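Residue numbers (my numbering): 11 to 206.
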């Protein structure tokens with residue numbers, strides 16, 4: 011909760027205003043986020059990154075992911091909320107799903123450009139989700155690139171995840187810079203492979 015208050019202060023929003031629950035009688039998948047707009051003087055933000063050698067500043071344009079729809083699948087509420095908030099601040103349209111069932115419905119309904127999925131989730135894990143997404147077929151969004159987010163960080167685990175069909179593996183914890191670079195890398199690779 012303490013982290014949530016700190017992050018909402020950084021982004022200039024009240025926690026209670028962020029990612030309101032779904033509409034009554036409808037799925038709880040969020041297609042648009044209730045995030046206050048950035049003031050004009052904060053259109054470009056700078057995030058200080060830690061490095062073993064030195065600290066550096068990474069500029070982040072408020073529209074770096076403009077025209078992208080990103081599905082974020084994460085069972086941990088705070089992680090889902092604030093990662094979604096971060097990506098929305100970069101211009102992306104964010105879809106939030108708490109589990110694999112909501113995620114498959116979101117892919118089928120909204121056809122996102124990319125999926126970021128936790129691996130360890132109750133009931134159906136990220137591997138089941140990937141199989142379910144691929145089972146939709148390309149016309150229903152089943153060809154969407156999927157990045158696995160996981161705390162399993164050994165080389166064999168990463169290889170096992172990418173061999174399972176994920177386009178990439180993002181070990182937790184990760185920096186904003188790693189997240190942004192990996193999204194761009196996976197989308198570029200996806201564009202190149204579909205052009206062949």
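C-beta atoms are modelled at their ideal positions from N, C-alpha and C, and glycine is treated no differently.
All of these numbers come straight from a predicted model, not from anything done at the bench.
Please classify residue i as buried or exposed, where buried requires at least 16 neighbouring CB atoms within 10 angstroms.
i, result
"residue 83", "buried"
"residue 87", "exposed"
"residue 184", "exposed"
"residue 98", "buried"
"residue 148", "exposed"
"residue 107", "buried"
"residue 91", "buried"
So residue i and residue j are supposed to be a Cβ contact under 8 angstroms. How far apart are they, rounded?
i, j, result
"residue 166", "residue 196", "Going by Cβ atoms, the distance from residue 166 to residue 196 rounds to 21 angstroms, so no, they are not a contact pair."
"residue 122", "residue 81", "4 angstroms"
"residue 140", "residue 176", "6 angstroms"
"residue 110", "residue 142", "6 angstroms"
"residue 120", "residue 186", "24 angstroms between Cβ atoms; not a contact."
Using a Cβ-Cβ cutoff of less than 8 angstroms, which residues in the same chain neighbour residue i once the five nearest sequence positions on both sides are dropped?
i, result
"residue 212", "No answer is possible for residue 212: it lies beyond the span of the chain, which begins at 11 and ends at 206."
"residue 74", "100, 101, 190"
"residue 146", "114, 117, 118, 152"
Measuring alpha carbon to alpha carbon, tell me which residue in the options is nearest residue i.
i, options, result
"residue 188", "143, 157, 142", "157"
"residue 85", "150, 76, 134", "134"
"residue 174", "144, 202, 150", "144"
Only counting the same chain, and skipping five residues up and downstream in sequence, which positions put a Cβ closer than 6 angstroms to that of residue i?
i, result
"residue 78", "102, 123"
"residue 200", "155"
Considering only residues of the same chain and omitting the five flanking positions on each side of residue i, which have a CB-CB separation below 7 angstroms?
i, result
"residue 192", "157, 178, 180"
"residue 89", "none"
"residue 76", "101"
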